[in-house]
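> In full-length UniProt numbering, the protein residues as written are 1 to 514.
Below is a structure I'd like to ask you about.
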Amino acid sequence: MAFMIRSIRSIRYDLKIGYKVLLKQSIHDVLALRPLTALLVTWYFVLILPFGEVLFKSSLLSKVTIPDFIIQDMWASPTIWGPILIVYGLAFFFSIRLISFLPTLLFSSEKRTGQLIKLSWDSARGRFWTTLLKGLVITTSLAILAVISQIGLYAIQSYADTHLQGQALVIAMVNLLLLEFFSQVVLALSVVLLLGIALDIFEQHQPQLQPVQEIHTKSKRMIGLRRAGVTLAILLIAGTVSIYNYGYLKGMLGDYPVLISHRGVDDGNGVQNTIPALEKTSAEKPDYIEMDIQETKDHQFVVMHDPNLEALAGVNRTVHDLTLSELTALTVSENGYSAKIPSFDQYLDAAEKHHQKLLVEIKVSPQDSPNMTKNFVKKYQKRMLADKNRIHSLSYDVVSQVKKQAPNLYVSFIMPYNISFPNTPANAYTMEATTLNDTFVSQAHDKKQDVYAWTVNDDSVMQNMMFMDVDGIITDQLSTLKDVVKANNDHPSYANRLSLFSNQLSGFDVTVEN
1 MAFMIRSIRS IRYDLKIGYK VLLKQSIHDV LALRPLTALL VTWYFVLILP
51 FGEVLFKSSL LSKVTIPDFI IQDMWASPTI WGPILIVYGL AFFFSIRLIS
101 FLPTLLFSSE KRTGQLIKLS WDSARGRFWT TLLKGLVITT SLAILAVISQ
151 IGLYAIQSYA DTHLQGQALV IAMVNLLLLE FFSQVVLALS VVLLLGIALD
201 IFEQHQPQLQ PVQEIHTKSK RMIGLRRAGV TLAILLIAGT VSIYNYGYLK
251 GMLGDYPVLI SHRGVDDGNG VQNTIPALEK TSAEKPDYIE MDIQETKDHQ
301 FVVMHDPNLE ALAGVNRTVH DLTLSELTAL TVSENGYSAK IPSFDQYLDA
351 AEKHHQKLLV EIKVSPQDSP NMTKNFVKKY QKRMLADKNR IHSLSYDVVS
401 QVKKQAPNLY VSFIMPYNIS FPNTPANAYT MEATTLNDTF VSQAHDKKQD
451 VYAWTVNDDS VMQNMMFMDV DGIITDQLST LKDVVKANND HPSYANRLSL
501 FSNQLSGFDV TVEN
């Protein structure tokens, strides 16, 4: 970022500074940071997220988000939104008032952290609404530019698919290359323009520029060699990208994910984790039905997600308060349906009857018996292997114990947040989709581990997960997921593949229905 700001300033004032000098200065900027200032720079990027999220798509900032499953719980408790809105409002305010912090850090003679904050705060005084308006204009303009370019390329490709079928593939490769080029141009413009705002605010408050180091003019021979090198690099990159584009357009990249029904339902067609819902959903032929089990008071296993029975059964007791027979006598209600709570044995019997494979989540509690995992493996290992069922759990202890006691069982480690890639004996990772990215998927695949995304209910997110090449998708909307996968399997037109690709690049959904 220091290099970018220095480059923008150099171009703006036509300063004769070479890129090597700029790079050396930028490296020096980073190495010269005081520990407190370095920490503040990190928090600066987190602070500007509400203002610049559309413009910056770094792997760090992509993690500063609230997972969808937490947001769903928040909707159930509206009172929590007050503090959250206050926090986001303050972050938004500080992101604008401190927007010139980086230019101040780089170009001011002051190096004390407290004074740097004061200088950047003072430089934005009286400019809040102007800065906000400029940011909105930049964001909106670039968004419109991106959408127009995507729609235009889609329209051209649609015409080619219909009227120029012999040349459609070549045109699609050119259009896809243009789409990738435009996306990088828009990204570069967004970064330059936003940093330009920060630089403007700094310079209006402190117009004096530090002395700069000039460079000697390069010989024509050196300039020619440099241009040849750049041209060769561009051709190599374009060639590599074109090979990838060809594979993508021909549908040669990646396998399609396994389809997993979350808690055994599809679009609210029954009560979660019950046998009637299993019977309905299994008729739709998902690859797996995901369901939850917990240990009971008498050390048996019951099919239930929530630790407390209040929400579904109307009984303010926990699963561990009751025996298996007491639990299976209760009726749970949801989505206008009612059913008895099943034991795991009953649920497993029903799944076997309908030839339905299961993804069993082993939920844990502080009240679990010390031998809970051992008891499960001892009782169910043979049936699980025979039925080709799989296991996942949020508990690393459960994952490691199952793999140690039953190495042949397929076990996935559930991760609600993508912070870093773990080192585990798991066969797979079940990752909450909000923070899942292609880097995590690639790392898992490099280690021969699968990745399941949960809980994916929006068709555009389903497309995104498929684009990342995840191995499985867990959803409450099984029918929608089947339609999305079918649309990708049924040899979609080049125009539709172009549209899918553009959605992943920008996050703008410009898909046109056929």
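Where is the CB? At the ideal position from N, CA and C, for every residue including glycine.
(1) Quick one, which of Leu-330, Asp-345 and Gln-346 has its alpha-carbon nearest Ala-339's?
(2) If I'm right that residue 524 touches Gln-150 with Cβ under 8 angstroms, what's the distance once you round it to whole angstroms?
(3) From Pro-103, Trp-121 and Leu-116, pick the residue whose C-alpha is nearest to that of Ile-96; which is it?
(4) Please state the DSSP three-state secondary structure of Leu-359.
(5) If we count the other Cβ atoms within 10 Å of its Cβ and call it buried at 16 or more, is Asn-514 buried or exposed?
(6) Determine the burial state of Phe-181: buried for a count of at least 16 other Cβ atoms within 10 Å of its Cβ, exposed for fewer.
(7) Restricting to Cα atoms, I'd like to know which of Ile-201, Met-468, Leu-169 and Gln-405 is closest to Phe-107.
(8) One question on the structure: do Ser-493 and Asp-266 come within less than 7 angstroms of each other, judged by their Cβ atoms?
(9) Is the beta carbon of Ser-365 less than 7 angstroms from the beta carbon of Tyr-154?
(10) Compute the Euclidean distance between the alpha carbons of Asp-387 and Gln-346, then round it to the nearest angstrom.
(11) Just to confirm my understanding: we take Arg-383, look at its own chain, exclude 5 residues before and 5 after, and list those with CB closer than 7 angstroms. What are they?
(12) Please name the residue, chosen from Ile-391, Phe-421 and Asn-418, that lies closest to Pro-407 on a Cα-to-Cα basis.
(13) What do you get for Gly-336, buried or exposed, if any count of 16 or more other CB atoms within 10 angstroms of its CB means buried?
(14) State the Cα-Cα distance for the pair Lys-448 and Asn-427, rounded to the nearest angstrom.
(15) Near Leu-394, what residues of its chain come up, given a Cβ to Cβ distance below 6 angstroms and the 5 sequence neighbours on each side ignored?
(16) Please state the DSSP three-state secondary structure of Ile-260.
(17) What residue ranges within the region 446-494 form continuous alpha helix (DSSP H) runs of no fewer than 4 residues, ordered along the chain?
(18) When DSSP builds the beta bridges, which residues end up paired with Asp-438?
(19) Are Ile-260 and Leu-359 close, meaning C-beta to C-beta below 7 angstroms?
(20) How about the region 457-466 and the region 474-481: do they share at least three Cβ pairs that are nearer than 8 angstroms?
(21) In the DSSP output, what is Gln-346 paired with across the bridge?
(22) Mark Gln-401 as exposed unless 16 or more other C-beta atoms lie within 10 angstroms of its C-beta, in which case mark it buried.
(23) With a cut-off of 8 angstroms on the beta carbons, I'd call Pro-370 and Ile-275 a contact; round off their distance for me.
(24) Straight-line CA distance for Ala-146 to Ala-495?
(25) Using only the alpha-carbon positions, how far apart do Thr-475 and Leu-36 sit?
(26) What are the uninterrupted segments assigned as alpha helix (DSSP H) that are 4 or more residues long and contained completely in the region 258-338, given in chain order?
(27) Lys-189 to Gly-239, Cα distance in whole Å?
(28) Can you give me the start and stop residues for the beta strand (DSSP E) that Thr-430 sits inside?
(29) Report all residues from its chain with a CB closer than 6 angstroms to the CB of Ser-310; omit the five preceding and five following residues, and keep chain order.
(30) In angstroms with no decimal places, state the Cα-to-Cα distance between Asn-462 and Phe-376.
(31) Taking the straight line between their C-alpha atoms, what separation do you get for Lys-63 and Leu-249?
(32) For Ile-215 and Ala-124, what's the separation of their Cα atoms in angstroms?
(33) What would DSSP say about Phe-413, mapped onto helix, strand or coil?
(34) Could you tell me which of Phe-440, Gly-152 and Ile-99 sits nearest to Lys-134, measuring between CA atoms?
(35) Please state if the CB of Leu-324 and the CB of Asp-298 are separated by a distance shorter than 7 angstroms.
(36) Among the candidates Val-137, Phe-440, Thr-104 and Asn-273, whose CA atom is the shortest distance from the CA of Glu-361?
Here's the rundown:
(1) Considering only Leu-330, Asp-345 and Gln-346, the residue with the shortest C-alpha distance to Ala-339 is Leu-330.
(2) In the structure as shown, the chain begins at 1 and stops at 514. Residue 524 is therefore absent and cannot be evaluated.
(3) Closest option to Ile-96, judged by alpha-carbon separation, among Pro-103, Trp-121 and Leu-116: Trp-121.
(4) Here DSSP, grouped into helix, strand and coil, assigns Leu-359 to strand.
(5) Because Asn-514 carries a pLDDT of 39, less than 50, the predicted location of this residue cannot be relied on, and the following value inherits that uncertainty. With fewer than 16 Cβ atoms within 10 Å of its Cβ, Asn-514 is classed as exposed.
(6) Under the 10 Å beta carbon count, Phe-181 is surrounded by fewer than 16 other beta carbons and is classified as exposed.
(7) When only C-alpha atoms are compared, the closest one is Ile-201.
(8) Cβ atoms of Ser-493 and Asp-266: not closer than 7 angstroms.
(9) No; because the gap between Cβ atoms is not below 7 angstroms, this pair is not in contact.
(10) Put simply, the backbone Cα of Asp-387 is about 15 angstroms away from that of Gln-346.
(11) Taken in chain order, the residues that qualify are Leu-348.
(12) If we check each option's Cα against that of Pro-407, Ile-391 comes out closest.
(13) So Gly-336 ends up on the exposed side.
(14) Each residue's Cα considered, the two are about 8 angstroms apart.
(15) Excluding residues within five positions, the ones whose Cβ falls inside 6 angstroms are Ile-414.
(16) In the three-state scheme derived from DSSP, where H, G and I count as helix and E and B as strand, Ile-260 is classed as strand.
(17) Taking only runs of at least 4 residues, the alpha helix (DSSP H) segments lying wholly in the region 446-494 are 459-467 and 478-489.
(18) DSSP lists no partner for Asp-438.
(19) Taking 7 angstroms as the Cβ cut-off, Ile-260 and Leu-359 qualify as a contacting pair.
(20) The region 474-481 and the region 457-466 touch, with three or more beta-carbon pairs separated by less than 8 angstroms.
(21) For Gln-346, no pairing in a beta bridge is given by DSSP.
(22) The residue in question, Gln-401, is buried, as its Cβ has 16 or more Cβ neighbours within 10 Å.
(23) In this structure, Pro-370 and Ile-275 do not form a Cβ contact; the two beta carbons are roughly 30 angstroms apart against a cut-off of 8 angstroms.
(24) Spanning the two alpha carbons is a distance of roughly 17 angstroms.
(25) Near 44 angstroms, if we compare the C-alpha coordinates of Leu-36 and Thr-475.
(26) Those alpha helix (DSSP H) runs which fall completely within the region 258-338 and span 4+ residues are 275-282, 310-313 and 324-328.
(27) Position check: residue 189 holds Leu in this sequence, whereas Lys was assumed. Straight-line measurement puts the Cα of Gly-239 at about 25 angstroms from the Cα of Leu-189.
(28) Looking at the DSSP string, the run of the beta strand (DSSP E) that includes Thr-430 is 428-432.
(29) Going by the sequence as given, residue 310 is Glu instead of Ser. Taken in chain order, the residues that qualify are Asn-316.
(30) The sequence given here has Met at residue 462, not Asn. So the two alpha carbons sit approximately 33 angstroms from each other.
(31) Since pLDDT at Lys-63 reaches only 45, below the 50 mark, its modelled position is unreliable, and the value read off the structure follows with that caveat. Near 30 angstroms, if we compare the C-alpha coordinates of Leu-249 and Lys-63.
(32) Bear in mind that a pLDDT of 45 at Ile-215, under 50, signals an unreliable position, so the number given afterwards is only what the model happens to contain. For Ile-215 and Ala-124, the distance between alpha carbons rounds to 34 angstroms.
(33) Look at Phe-413 here: in three-state DSSP terms it is strand.
(34) For the options Phe-440, Gly-152 and Ile-99, the alpha carbon positioned closest to that of Lys-134 is the one of Ile-99.
(35) Yes, the pair counts as a contact, with Cβ atoms nearer than the cut-off.
(36) Cα-wise, what sits closest to Glu-361 is Asn-273.
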